[in-house]
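The opening residue of the sequence shown carries number 1 in the numbering used here; numbering runs sequentially from there.
Glycine included, C-beta positions come from ideal geometry on N, C-alpha and C.
Have a look at the structure below, then the notes.
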Amino acid sequence: MRQILLVYFVAINLFSFGLCGWDKRAAKRGARRVPERRLLAFCALGGSPAFLLGMALFHHKTRKPKFFVGVPLILAVQLAALLLALRYL
């Protein structure tokens, strides 16, 4: 079970990081963008650490409160849930 969760965590984070870079590239080119709702959904599904890294490296979505507040908040909730799960399960 732990291996499955680890594979999921790595995959969702790689995808979230790539999605952040993809959207930044699309923004620079004036191409079709990834909807904000989808970006936040992947953060909520566990990709928030890599998306936060992508925000910093690509300088993407750093001026939007929905992202510069929302993504760290999602990450904090996920970390709290993980700590509670590790302690009580």
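* Asked: Going by the CB atoms, is the gap between HIS59 and CYS20 shorter than 8 Å?
  -> To locate residue 20, count along the sequence shown from 1; it is residue 20. To locate residue 59, count along the sequence shown from 1; it is residue 59. Not in contact: CYS20 and HIS59 (Cβ atoms no closer than 8 Å).
* Asked: Candidates PHE68, ARG37, ASP23, CYS43: which alpha carbon is nearest VAL10's?
  -> In the sequence shown, the residue the question calls residue 10 occupies position 10. Minimum Cα distance to VAL10 is reached at CYS43.
* Asked: Does DSSP put MET55 in a helix, in a strand, or in coil?
  -> For the purposes of this step, residue 55 is taken as residue 55 along the sequence shown, with counting starting at 1. DSSP places MET55 in helix when its eight states are reduced to three.
* Is DSSP giving ARG35 helix, strand or coil here? -> Mapped onto the sequence shown, residue 35 falls at position 35. First, the amino acid is wrong: residue 35 is Pro here, not Arg. Note: PRO35 maps to coil in three-state DSSP.
* Asked: Considering LEU79, what are the terminal residues of the alpha helix (DSSP H) in which it resides?
  -> Counted from its first residue, the sequence shown places residue 79 at position 79. Taken as a continuous stretch (DSSP letters only), the alpha helix (DSSP H) holding LEU79 covers 70–88.
* To do: Would you kindly work out how many angstroms separate the C-alpha atoms of ARG37 and TYR88, rounded to a whole number?
  => Position 37 of the sequence shown holds residue 37. Position 88 of the sequence shown holds residue 88. Near 32 Å, if we compare the C-alpha coordinates of TYR88 and ARG37.
* Give the DSSP-derived three-state secondary structure of GLY30 in the structure shown. => For the purposes of this step, residue 30 is taken as residue 30 along the sequence shown, with counting starting at 1. If DSSP states are grouped into helix, strand and coil, GLY30 belongs with coil.
* **For LYS64, three-class secondary structure by DSSP** => Your numbering for residue 64 matches position 64 in the sequence shown. The answer is coil: DSSP assigns LYS64 none of H, G, I, E or B.
* **Distance CB(GLN78)-CB(GLY54) smaller than 8 Å** => The sequence position of residue 78 within the sequence shown is 78, counting from 1. The sequence position of residue 54 within the sequence shown is 54, counting from 1. For GLN78 and GLY54, no; Cβs fall outside 8 Å.
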